[in-house]
């Protein structure tokens, strides 16, 4: 069974500093995708970044990068130069390409301190 | 409007009543999903659909029914609502197996 684990219920970071949000996953499927979503207090789910299991390089999208360590089954999100607007819940998710289910972790609440 | 929309946004219902949450997407995405979001549990998959007339159970399907007669619609029905089904429900869609899912705004359901 697939599983996503986010071990940090809450994190604090100083404005303009970088922060890493942890995510580990468990799958026996060789082909899968990893995603990060942001959920601000307004409630909508915002897609941030995607990493495919066969991608050789770590994905980057602006200030977001995904630190993908396949052997360790980890897909940590790195946010550089944190901004006050980054305060939100962050969810890691995995999609296996055969079963088509989309699994989410329990989320990490990030607070950016001015 | 283009995108994925859920209705209603808020709903209060009584225990035992049937209630249907609607989800409509305008992209003709193949895949659609229903999740519930509860504190401490993240998002849990209730049902998903790979195409019209194809649906499958997720992690927490008990007490829910779905249908998908048209690609763009994926309604979720609570057959006999219980207080444990009080939650925020999200519908999502994605084009194929390799792309991100887009989410609706969510429906906050309270069962009293």
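Residue numbers (my numbering), protein chains in the order written: chain B, 1 to 114; chain Y, 1001 to 1112. All C-beta atoms, glycine included, are put in the ideal place defined by N, C-alpha and C. Bear in mind that the values here come from a model prediction, so they are computed numbers and not experimental data.
Where the beta strand (DSSP E) through residue i begins and ends
i: residue 36/B; result: 32–39
i: residue 89/B; result: 88–96
i: residue 1024/Y; result: 1019–1025
i: residue 5/B; result: 3–5
i: residue 11/B; result: 10–14
i: residue 956/Y; result: Because chain Y in this structure spans residues 1001 to 1112, residue 956/Y falls outside the shown range and cannot be described.
i: residue 1044/Y; result: 1042–1051
Proximity winner among the options, relative to residue i (alpha-carbon distances)
i: residue 1039/Y; options: 89/B, 97/B and 93/B; result: 89/B
i: residue 1027/Y; options: 1098/Y, 1051/Y, 1002/Y and 1043/Y; result: 1002/Y
i: residue 93/B; options: 1089/Y, 1008/Y and 1100/Y; result: 1100/Y
i: residue 1023/Y; options: 1089/Y, 1084/Y, 1098/Y and 1097/Y; result: 1089/Y
i: residue 81/B; options: 74/B, 65/B, 91/B and 96/B; result: 65/B
i: residue 76/B; options: 31/B, 63/B, 36/B and 86/B; result: 36/B
i: residue 1015/Y; options: 1065/Y, 1036/Y and 1079/Y; result: 1079/Y
i: residue 1098/Y; options: 1085/Y, 1029/Y and 1083/Y; result: 1029/Y
Presumed contact (8 angstroms Cβ cut-off) between residue i and residue j, rounded CB distance
i: residue 18/B; j: residue 113/B; result: Not a contact, Cβ separation roughly 14 angstroms.
i: residue 1032/Y; j: residue 1087/Y; result: About 18 angstroms; that fails the 8 angstroms criterion.
i: residue 108/B; j: residue 9/B; result: 7 angstroms
i: residue 95/B; j: residue 33/B; result: 5 angstroms
i: residue 1075/Y; j: residue 1021/Y; result: 7 angstroms
i: residue 1045/Y; j: residue 97/B; result: At roughly 16 angstroms, the Cβ-Cβ gap does not stay under 8 angstroms, so residue 1045/Y and residue 97/B are not in contact.
Worksheet item: Which residues, taken in chain order from the stretch 61–77 of chain B, show a beta carbon closer than 8 angstroms to some beta carbon of chain Y?
Response: Under the 8 angstroms Cβ criterion, the stretch 61–77 of chain B contributes no residue.
Fill in: Stretch-stretch touch, CB-based, cutoff 8 angstroms, three pairs: the stretch 62–75 of chain B with the stretch 1068–1081 of chain Y
Judged by Cβ distances under 8 angstroms, the stretch 62–75 of chain B makes no contact with the stretch 1068–1081 of chain Y, as fewer than three pairs qualify.
Worksheet item: Going along the chain, which residues of the stretch 1030–1059 of chain Y sit with their C-beta nearer than 7 angstroms to a C-beta in chain B?
Response: Listed by position along the chain: 1031, 1033, 1040, 1041, 1042, 1043, 1045, 1048, 1050 and 1058.
Practice prompt. Pull out every residue of the stretch 1083–1112 of chain Y whose Cβ sits closer than 9 angstroms to any Cβ of chain B, in chain order.
Written response: Of all residues in the stretch 1083–1112 of chain Y, the ones placed with a Cβ closer than 9 angstroms to any Cβ belonging to chain B are 1088, 1090, 1092, 1094, 1097, 1098, 1099, 1100, 1101, 1102, 1103, 1104, 1105, 1106 and 1108, in chain order.
Worksheet item: Below 8 angstroms, can you find three or more Cβ-Cβ pairs linking the stretch 1005–1020 of chain Y to the stretch 37–53 of chain B?
Response: Contact fails: fewer than three Cβ-Cβ distances are below 8 angstroms.
Discussion item. To be precise: take each residue of the stretch 40–54 of chain B, compare its Cβ to all Cβ atoms of chain Y, and keep it if any distance is under 8 angstroms. Which residues remain?
Written reply: For the stretch 40–54 of chain B, the beta-carbon criterion of a distance under 8 angstroms to any beta-carbon of chain Y is satisfied by 43, 44, 45, 47, 50 and 52.
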